[in-house]
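Okay, structure first, notes after.
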Amino acid sequence: MGPHPAVAAIRLAVRRVLHDILTDHHSTTDAATHELPPSPLVLVACSGGADSMALASALAFEAPKLGIRAGGVTVDHGLQPGSDLRADEVVLRLRELGLDPVEATAVTVGREGGPEAAARDARYAALDGAADSHGAAAILLGHTRDDQAETVLLGLARGSGIRSLSGMAAVSGAGGRYRRPFLQLDRQTARKACMAQSLPVWDDPHNTDPAYTRSRLRHEGLPALEKALGKGVVEALARTAQLSRDDADALDAWAGQAEAAVRDNTGLLECAKLYALPPAVRRRILRRAAIEAGAPAGSLFARHIEEIDRLITGWRGQGVINLPGKVVAQRQGGRLVIRQG
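For the sequence shown, the residue numbers in the numbering used here are 111 to 451.
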């Protein structure tokens, strides 16, 4: 008798991702000696919740069969009493699964961008540090199809354009470091897999705290949408994310190719040449220029890009435009100057 269907589903999802990681790893074979590099290490980011515990169990099961080393890391955000003890418990559970190396990393969460964004930034910085210190080839993240649907709706609410509607990528980060095997699986599948394997899970109280936007969306917004529109909203939103990502990737590539042609020999953007581009391509170039000047990507919204765009399409002698990160944009002699203020 085979494993529970939910367990089989999570293992298959992880196996596919591990095959991709192994293929990428083998592509680095030493051309001179034809020797394969050492066995890659894959870490799982685990909070102790159902999604990440299911992911950790699947990694522990599948990695040895492919000759991959498997470890784990949990991040202590320090936002709740006893969070350090919770992190120690997660470390113990990961070691019981057979993962090695395993570590807990404590972070200090700032305030920039709001509590959720600040916690996310601190978490990814810690995960990057863990991957670098252990020489990990990849880090697996337990985001599910439900998380993807929530991300799409949050992007829609911000009005930030098609890129924000594309949600989370299956592969992201420098060199494709972050992998999300569960984007095609729902949250209930992960929870059922934990129950079938008698894995203890921790339900973060922040996930049900109405003070957090994502929590309100999860427990109030999405259920209201399903009540009004019927079942299948989550699946449709996840499908929208993939379609939007394909379109956004194509437009990003176009913008990347067009950017060199709209800069003068000093590197400044020429307004007349920008004006001739389609708006979707032009605004991508403007956004990239603002980020390169120091504007935080997470704080740069559609309204900011629209203001810069009006320096090109609706020039009436406007003054300096202030952007996040103390970046300013202004038009000077037919050129667009975006720099630190």
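Beta carbons: idealized from backbone N, C-alpha and C, even for Gly.
So for residue i, helix, strand or coil by DSSP?
i: I431; result: strand
i: L332; result: helix
i: V185; result: strand
i: Q298; result: helix
i: V127; result: helix
i: R289; result: strand
i: V281; result: strand
i: Q76; result: Residue 76 is absent from the model: the chain starts at 111 and stops at 451.
i: Q258; result: helix
Could you pull the start and end residues of the beta strand (DSSP E) that residue i belongs to?
i: E213; result: V212 to A216
i: L347; result: No beta strand (DSSP E) holds L347; the alpha helix (DSSP H) holding it covers V343 to E369.
i: A439; result: V437 to Q442
I think residue i touches residue j, with their Cβ atoms under 8 angstroms apart; what is that distance to the nearest whole Å?
i: G404; j: Q450; result: 5 angstroms
i: L361; j: V372; result: Contact doesn't hold; Cβ gap of about 15 angstroms is too wide.
i: V200; j: A216; result: Incorrect: roughly 13 angstroms between the Cβ atoms, too far for contact.
i: A116; j: A306; result: 6 angstroms
i: A259; j: L176; result: The Cβ separation is near 31 angstroms, so there is no contact.
i: D314; j: S157; result: 7 angstroms
i: A368; j: I401; result: With a Cβ gap of about 17 angstroms, A368 and I401 do not count as contacting.
i: H135; j: A247; result: 6 angstroms
i: I120; j: T318; result: With a Cβ gap of about 24 angstroms, I120 and T318 do not count as contacting.
i: A412; j: R355; result: 18 angstroms between Cβ atoms; not a contact.
i: R393; j: D419; result: 6 angstroms
i: D357; j: I272; result: 6 angstroms
i: R289; j: I131; result: 7 angstroms
i: V391; j: W364; result: 5 angstroms
i: D256; j: R297; result: 4 angstroms
i: R287; j: D374; result: Going by Cβ atoms, the distance from R287 to D374 rounds to 36 angstroms, so no, they are not a contact pair.
Counting along the chain, where does the alpha helix (DSSP H) carrying residue i start and finish?
i: V154; result: From DSSP, V154 is part of no alpha helix (DSSP H) but of the beta strand (DSSP E) over L151 to A155.
i: T376; result: Per DSSP, T376 belongs to no alpha helix (DSSP H) and is neither H nor E.
i: D194; result: S193 to E206
i: L396; result: P389 to E402
i: E172; result: A160 to E172
i: E222; result: Careful: E222 lies outside any alpha helix (DSSP H) and carries neither H nor E.
i: T423; result: A412 to T423
i: R273; result: I272 to L275
i: R426; result: Neither: R426 is in no alpha helix (DSSP H) and is coded neither H nor E.
i: S325; result: T323 to R326
Suppose the cutoff is 7 angstroms on Cβ atoms and the five residues either side in sequence are ignored; what does the same chain contact list for residue i look like?
i: P174; result: none
i: V438; result: V430, I431, N432, R449 and G451
i: C304; result: A160, M163, A164 and V311
i: V262; result: L275, G277, L347, T350 and A351
i: G342; result: none
i: R196; result: G158 and W312
i: P320; result: R326
i: H253; result: M278, R290, F292 and L293
i: A382; result: G444
Excluding the 5 residues preceding and the 5 following residue i in the sequence, name in chain order all residues of the same chain whose CB lies nearer than 6 angstroms to its CB.
i: R179; result: S149 and L151
i: R233; result: V185
i: V447; result: Q440
i: E345; result: none
i: V154; result: L165, A166, L169, G182 and L250
i: R205; result: V212
i: L237; result: A155 and I249
i: T127; result: Just to set this straight, residue 127 is Val in the shown sequence, not Thr. Correct list, in chain order: R289 and P291.
With DSSP as the reference, please indicate the residues paired to residue i in a beta bridge.
i: E380; result: R445
i: A248; result: V152
i: R179; result: L151
i: Q190; result: According to DSSP, Q190 bridges with nothing at all.
Excluding the 5 residues preceding and the 5 following residue i in the sequence, name in chain order all residues of the same chain whose CB lies nearer than 8 angstroms to its CB.
i: E226; result: Y322, T323 and R324
i: L434; result: Reading off the sequence, residue 434 comes out as Pro, not Leu. Cβ within range, chain order: A405, P406, S409, L410 and H414.
i: V219; result: H187, G188, L189, P225, A228, A229 and A232
i: A123; result: A168, P291, F292, Q294 and L295
i: R221; result: A228
i: H129; result: L176
Step through the CB atoms of chain B and report whether any lies within less than 8 angstroms of the CB of residue i.
i: F411; result: The displayed structure is made up of one protein chain only, and chain B is not part of it.
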